[in-house]
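Trainee:
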Amino acid sequence: MKNSEIIAVMDLGGQYAHLIAAKLRSLGYYSEICDPEDDITEEYAGIILSGSPALSSSDEDEGPLFQLLERNVPILGFCFGHQEIAKHYGGRVIHGLEEFGPAVLRIKGKSPIFHGIPEESIVFMSHGDTVVEISDEFSEIGESYYGNSPVHRFAAIAWEEKKRYGFQFHPEVDDSIFGEKMLDNFASLICNLKPEWKTENYFPRKINDIRQKTGDKSVFALVSGGVDSTVLGKLLIEALGPGKVHMLHVDTGFMRKFESESVCKYFSQEAGKNFHFRDATIEFTEALVSIVNPEEKRRIIGELFVKICQEEMENLNVKDALLAQGTIYPDTVESGGPKRARVIKTHHNRVPMMEEMIKSGLVIEPLADLYKKEVRELGVFMGIPEDMVYRHPFPGPGLAVRLLASEGKVDCENMVLIEEQLNSLLEDGEAICPGILSVGVKGDLRSFEYAVLLKNVTDEKKLKSKVPEFVKRVRQINRIVINKGRDFKTVRVREAKMISRRIESLREVDYLVQSTLDEMNLTGNVWQFPVALAGVTVDGKDTELVILRPVMTVRAMTATVPDLPEVFYSTVRDKISILDPDFIICLDLTTKPPGTIEWE
Numbered sequence: 190m191k192n193s194e195i196i197a198v199m200d201l202g203g204q205y206a207h208l209i210a211a212k213l214r215s216l217g218y219y220s221e222i223c224d225p226e227d228d229i230t231e232e233y234a235g236i237i238l239s240g241s242p243a244l245s246s247s248d249e250d251e252g253p254l255f256q257l258l259e260r261n262v263p264i265l266g267f268c269f270g271h272q273e274i275a276k277h278y279g280g281r282v283i284h285g286l287e288e289f290g291p292a293v294l295r296i297k298g299k300s301p302i303f304h305g306i307p308e309e310s311i312v313f314m315s316h317g318d319t320v321v322e323i324s325d326e327f328s329e330i331g332e333s334y335y336g337n338s339p340v341h342r343f344a345a346i347a348w349e350e351k352k353r354y355g356f357q358f359h360p361e362v363d364d365s366i367f368g369e370k371m372l373d374n375f376a377s378l379i380c381n382l383k384p385e386w387k388t389e390n391y392f393p394r395k396i397n398d399i400r401q402k403t404g405d406k407s408v409f410a411l412v413s414g415g416v417d418s419t420v421l422g423k424l425l426i427e428a429l430g431p432g433k434v435h436m437l438h439v440d441t442g443f444m445r446k447f448e449s450e451s452v453c454k455y456f457s458q459e460a461g462k463n464f465h466f467r468d469a470t471i472e473f474t475e476a477l478v479s480i481v482n483p484e485e486k487r488r489i490i491g492e493l494f495v496k497i498c499q500e501e502m503e504n505l506n507v508k509d510a511l512l513a514q515g516t517i518y519p520d521t522v523e524s525g526g527p528k529r530a531r532v533i534k535t536h537h538n539r540v541p542m543m544e545e546m547i548k549s550g551l552v553i554e555p556l557a558d559l560y561k562k563e564v565r566e567l568g569v570f571m572g573i574p575e576d577m578v579y580r581h582p583f584p585g586p587g588l589a590v591r592l593l594a595s596e597g598k599v600d601c602e603n604m605v606l607i608e609e610q611l612n613s614l615l616e617d618g619e620a621i622c623p624g625i626l627s628v629g630v631k632g633d634l635r636s637f638e639y640a641v642l643l644k645n646v647t648d649e650k651k652l653k654s655k656v657p658e659f660v661k662r663v664r665q666i667n668r669i670v671i672n673k674g675r676d677f678k679t680v681r682v683r684e685a686k687m688i689s690r691r692i693e694s695l696r697e698v699d700y701l702v703q704s705t706l707d708e709m710n711l712t713g714n715v716w717q718f719p720v721a722l723a724g725v726t727v728d729g730k731d732t733e734l735v736i737l738r739p740v741m742t743v744r745a746m747t748a749t750v751p752d753l754p755e756v757f758y759s760t761v762r763d764k765i766s767i768l769d770p771d772f773i774i775c776l777d778l779t780t781k782p783p784g785t786i787e788w789e
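Residue numbering for the sequence shown follows the numbering used here, starting at 190 and increasing by one per position.
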């Protein structure tokens with residue numbers, strides 16, 4: 190394929206850079222990821238500049254873009270890319286006027302890039318810098334607002350004659366309702382391309398890639414039983430045949446109820462005698478029992494997986510095999526894999542030990558440039574049963590990243606200040622900051638900040654719409670959850686370790702939630718439904734905060750909270766109360782960003 194038929198996406202380190210390319214391919218336009226410092230000798234049909242964790246207002250990481258912006262080719266920038274385009278041609282960018290989450294885009298004037306788009310639509314924002322002036326050559330073609338907030342100018346700009354466009358928002362994420370149409374307009378109306386790329390083109394490319402990388406070697410695949418590892422296993426067998434593919438399932442002690450039994454049943458049929466099982470409950474629970482820091486927890490889990498895998502490969506006399514992982518792109522970008530990306534949370538398959546093995550050529554990851562949506566499409570194409578392909582994702586570390594640990598230390602003065610600030614904004618309910626920290630993402634940067642619990646809320650739907658505004662206006666918070674259980678007066682985080690009793694409690698609560706979804710035919714209404722436990726003291730008594738986290742997404746780079754019937758929550762509450770009447774049950778109302786899907 191010629192460069193003149195390809196749209197180049199310049200990866201500036203933003204969380205959604207590869208998502209841009211994936212969206213274009215899904216629309217039928219082939220796109221590839223490039224580094225702005227690469228020596229690009231041929232002109233592409235068009236160039237898109239991604240977002241970035243860098244600050245345009247501080248002139249960070251702008252050097253490589255100067256020559257690029259002088260090229261005679263259509264260029265479209267998102268977020269940081271938008272800011273750099275405006276600034277390069279004489280505009281001005283400041284730090285401030287930040288926006289996170291959904292906003293309303295109001296189109297001003299006419300532009301081919303907005304062909305077929307209604308005057309107002311929902312778009313997705315995640316930025317701390319803002320364009321406040323543009324040069325005379327540019328026109329303002331869009332502004333944004335949400336709720337009762339002031340209008341945010343220069344949300345979209347254009348220099349039609351030179352084919353330069355900038356969006357402050359992210360059209361590539363699924364939350365931007367007409368984002369795909371905008372990308373289609375850029376590709377077809379501005380870059381003059383035809384939609385001729387097809388998803389099934391992945392299959393022969395992946396098969397050839399696996400065969401080239403493995404040569405005469407066999408592979409040893411870690412399979413958790415999730416969607417990614419299931420598709421990985423099938424793809425490896427299709428490429429190499431069952432004789433050259435060994436599979437290992439490790440029970441870490443943090444699996445869901447009955448999960449390992451079902452995984453073993455499926456993969457023993459697929460791989461036969463080359464399927465292997467290891468019960469490593471003792472190793473994992475002993476290694477994690479006193480660990481509090483989420484990053485340290487993920488590192489330990491990842492390194493234990495590698496150690497156990499190497500032991501099994503030695504025992505089975507296949508130590509020269511290549512290790513295969515079902516890594517997908519969100520794992521890489523959230524772990525800070527791309528050169529300019531920042532670490533949000535290190536995935537277990539991206540710990541330093543694994544990174545060294547990858548650099549040494551000892552690991553293959555056939556799915557590493559795909560998102561969950563593309564992985565599922567590939568699985569369906571290969572004939573994997575749809576109930577397996579479309580099952581809810583389950584993280585490799587399992588329940589370990591949903592069992593929150595704490596030393597119980599709290600900054601009372603800071604927590605009181607957060608409560609006062611949020612209560613001054615609330616029209617409904619009362620805010621309590623228990624001192625629980627969670628991982629989030631703000632403007633392509635990691636956030637490790639407080640979750641706030643609201644009680645006595647009477648209008649949940651109205652509150653939900655205000656969560657982005659609250660997180661923006663109250664510093665040091667990245668999540669808002671509401672009480673869905675019994676009443677209480679005070680709640681504070683306590684010292685809590687990763688002990689067996691807490692693990693079993695989480696396993697049972699998780700099972701109650703998942704089985705209730707199935708019983709009420711609601712499993713298809715959510716993409717994933719993590720359940721987390723946090724150790725707290727409620728009205729002077731030690732117990733657990735049960736955090737319900739339903740999410741709806743397509744590629745896991747952004748997520749919203751779906752509306753489930755209230756009878757579901759009341760049923761879950763009643764079941765959990767039988768398990769332990771002291772548990773406090775709450776619902777996480779936070780989108781991604783600013784929250785991540787998992788709490789750790």
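The C-beta atom is built at its ideal place from N, Cα and C for all residues, glycine as well.
The structure displayed is predicted, hence computed values, not measured ones.
Going by the CB atoms, is the gap between Ile264 and Met371 shorter than 8 angstroms?
Mentor: What you label residue 371 is simply residue 182 of the sequence shown in a count that begins at 1. What you label residue 264 is simply residue 75 of the sequence shown in a count that begins at 1. Going by C-beta atoms, Met371 is not nearer than 8 angstroms to Ile264.
Trainee: Just list the residues that DSSP pairs Pro623 with in beta bridges.
Mentor: Here residue 623 refers to the residue found at position 434 when the sequence shown is read from its first residue. Paired residue(s): none; Pro623 is not in a bridge.
Trainee: Report, in whole angstroms, the separation of the C-beta atoms of Trp788 and Leu593, which I expect to be a contact under 8 angstroms.
Mentor: Counting from 1 along the sequence shown, the entry for residue 788 is found at position 599. Counting from 1 along the sequence shown, the entry for residue 593 is found at position 404. At roughly 6 angstroms, the Cβ-Cβ gap stays under 8 angstroms, so Trp788 and Leu593 are in contact.
Trainee: Use the C-beta contact count for Pro782: other C-beta atoms within 10 angstroms, 16 or more gives buried, fewer gives exposed.
Mentor: Within the sequence shown, residue 782 is the residue found at index 593, counting from 1. That one is buried.
Trainee: Distance, Cα to Cα, Ile497 vs Thr742?
Mentor: Start at 1 with the first residue of the sequence shown, and residue 497 comes out as number 308. Start at 1 with the first residue of the sequence shown, and residue 742 comes out as number 553. Ile497 and Thr742: Cα-Cα distance of roughly 33 angstroms.
Trainee: Taking its Cβ as the centre, do 16 or more other Cβ atoms sit within 10 Å of Val320, making it buried, or is it exposed?
Mentor: Translated into the one-based positions of the sequence shown, residue 320 becomes position 131. Buried, by the Cβ-count rule.
Trainee: Check whether the Cβ atoms of Ile573 and Lys423 sit closer than 8 angstroms, and answer yes or no.
Mentor: Residue numbering aside, residue 573 sits at position 384 when the sequence shown is read from its first letter. Residue numbering aside, residue 423 sits at position 234 when the sequence shown is read from its first letter. A contact, by the Cβ cut-off of 8 angstroms.
Trainee: If you compare alpha carbons, which of Lys383, Val761, Ser310, Glu448 is closest to Glu708?
Mentor: To locate residue 708, count along the sequence shown from 1; it is residue 519. Looking at the Cα atoms, Val761 is the closest of the given residues.
Trainee: Would DSSP call Ala197 helix, strand or coil?
Mentor: Mapped onto the sequence shown, residue 197 falls at position 8. Ala197 falls in the strand class under three-state DSSP.
Trainee: Suppose only complete runs of 3+ residues qualify. What are the beta strand (DSSP E) ranges in the stretch 622-661, listed by chain order?
Mentor: Qualifying beta strand (DSSP E) stretches, in chain order: 626-631, 634-644.
Trainee: Using only alpha-carbon positions, find the residue among Val599, Leu626, Ile774 that is nearest to Val641.
Mentor: The count along the sequence shown starts at 1 and reaches residue 641 at position 452. If we check each option's Cα against that of Val641, Leu626 comes out closest.
Trainee: Would you say the stretch 411-426 touches the stretch 551-569, given that touching needs at least three Cβ pairs under 8 angstroms?
Mentor: Verdict: yes, contact present.
Trainee: Please specify which runs of the alpha helix (DSSP H), each continuous and at least 4 residues long, are wholly inside the stretch 415-450, giving them in chain order.
Mentor: Runs found: 416-429.
Trainee: Going straight from the alpha carbon of Ser193 to that of Val578, what length do you get?
Mentor: Taking the sequence shown and counting its residues from 1, one reaches residue 193 at position 4. Taking the sequence shown and counting its residues from 1, one reaches residue 578 at position 389. Approximately 36 angstroms, taken between the alpha carbons.
Trainee: In terms of residue numbering, what span does the alpha helix (DSSP H) encompassing Glu789 cover?
Mentor: Start at 1 with the first residue of the sequence shown, and residue 789 comes out as number 600. Neither: Glu789 is in no alpha helix (DSSP H) and is coded neither H nor E.
Trainee: Name the one or two DSSP bridge partners that Glu791 has.
Mentor: Because the chain here runs from 190 to 789, residue 791 falls outside it and cannot be looked at.
Trainee: Please tell me whether Phe343 and Tyr278 are closer than 8 angstroms, where the distance is taken between their beta carbons.
Mentor: Numbered from its first residue, the sequence shown carries residue 343 at position 154. Numbered from its first residue, the sequence shown carries residue 278 at position 89. Taking 8 angstroms as the Cβ cut-off, Phe343 and Tyr278 do not qualify as a contacting pair.
Trainee: Shortest alpha-carbon distance to Leu737 belongs to which of Leu776, Gly336, Phe677, Val599?
Mentor: Working through the sequence shown from its first residue, we reach residue 737 at position 548. It is Leu776 whose Cα lies nearest to the Cα of Leu737.
Trainee: Whose C-beta lies closer than 8 angstroms to the C-beta of Arg445 among residues of the same chain, with five residues either side of it excluded?
Mentor: In the sequence shown, residue 445 corresponds to position 256, counting from 1. Around Arg445: Phe583, Gly587, Leu588, Arg696, Asp699, Tyr700, Gln703.
Trainee: Span of the beta strand (DSSP E) holding His465?
Mentor: Counted from its first residue, the sequence shown places residue 465 at position 276. 464-468 is the extent of the beta strand (DSSP E) around His465.
Trainee: Assuming Gly266 is part of the beta strand (DSSP E), what are its boundary residues?
Mentor: For the purposes of this step, residue 266 is taken as residue 77 along the sequence shown, with counting starting at 1. Element bounds for Gly266: 264-267.
Trainee: Cα-Cα, which of Lys212, Lys191, Met199, Asp200 is closest to Leu559?
Mentor: Counted from its first residue, the sequence shown places residue 559 at position 370. Among Lys212, Lys191, Met199, Asp200, the Cα nearest to that of Leu559 belongs to Lys212.
Trainee: Express the C-alpha separation of Ala723 and Leu567 in angstroms, rounding to a whole number.
Mentor: Position 378 of the sequence shown, counted from the first residue, corresponds to residue 567. Position 534 of the sequence shown, counted from the first residue, corresponds to residue 723. Roughly 37 angstroms between the two C-alpha positions.
Trainee: Do Phe267 and Glu361 have their beta-carbon atoms positioned less than 8 angstroms apart in this structure?
Mentor: Walking along the sequence shown from the start, residue 361 turns up at place 172. Walking along the sequence shown from the start, residue 267 turns up at place 78. Against a cut-off of 8 angstroms, the Cβ pair of Phe267 and Glu361 comes out as a contact.
Trainee: Taking all protein chains shown into account, decide if Gly442 is buried (16 or more other Cβ within 10 angstroms of its Cβ) or exposed.
Mentor: As a working note, residue 442 is residue 253 in the sequence shown. Buried.
Trainee: Would you kindly report the start and end of the unbroken alpha helix (DSSP H) that includes Ala211?
Mentor: Start at 1 with the first residue of the sequence shown, and residue 211 comes out as number 22. Where Ala211 is concerned, the enclosing alpha helix (DSSP H) stretches over 206-215.
Trainee: Given a cut-off of 8 angstroms on the beta-carbon distance, is the pair Ser245 and Ile311 in contact?
Mentor: Counting from one through the sequence shown, the residue named residue 245 turns up at place 56. Counting from one through the sequence shown, the residue named residue 311 turns up at place 122. Cβ distance not < 8 angstroms, so Ser245 and Ile311 don't count as in contact.
Trainee: In whole angstroms, what separates the C-alpha of Phe322 from that of Leu615?
Mentor: Locating residue 322 in the sequence shown gives position 133, where the first residue counts as 1. Locating residue 615 in the sequence shown gives position 426, where the first residue counts as 1. Residue 322 is actually Glu in this sequence, not Phe. The alpha-carbon atoms of Glu322 and Leu615 are separated by roughly 34 angstroms.
Trainee: Heavy atom of the ligand ADP less than 7 angstroms from the Cβ of Leu643, yes or no?
Mentor: Among the ligands in the structure shown, none appear at all, so the ligand ADP cannot be discussed.
Trainee: In angstroms, rounded to a whole number, what distance separates the CA positions of Ala210 and Val340?
Mentor: Taking the sequence shown and counting its residues from 1, the one referred to as residue 210 is at position 21. Taking the sequence shown and counting its residues from 1, the one referred to as residue 340 is at position 151. Ala210 and Val340: Cα-Cα distance of roughly 30 angstroms.
Trainee: Quick one: what's got a C-beta closer than 6 angstroms to Leu238's C-beta in the same chain, skipping five residues either side?
Mentor: The residue given as residue 238 occupies position 49 in the sequence shown. Closer than 6 angstroms at Cβ, skipping near neighbours: Met199, Gly266, Gly270.
Trainee: Give the secondary structure of Gly713 by DSSP, where H, G and I count as helix, E and B as strand, and everything else as coil.
Mentor: Counting from one through the sequence shown, the residue named residue 713 turns up at place 524. Gly713: helix per DSSP, three-state reduction.
Trainee: Quickly, what does DSSP pair Asn672 with across the bridge? List them, please.
Mentor: To locate residue 672, count along the sequence shown from 1; it is residue 483. The partner list for Asn672 (beta bridge, DSSP) reads Cys775.
Trainee: Establish whether the CB of Lys548 and some CB of chain B are separated by less than 8 angstroms.
Mentor: No chain B appears in this structure, which consists of one protein chain only.
Trainee: Helix, strand or coil for Tyr278 per DSSP?
Mentor: Within the sequence shown, numbered from 1, the residue matching residue 278 stands at position 89. If DSSP states are grouped into helix, strand and coil, Tyr278 belongs with coil.
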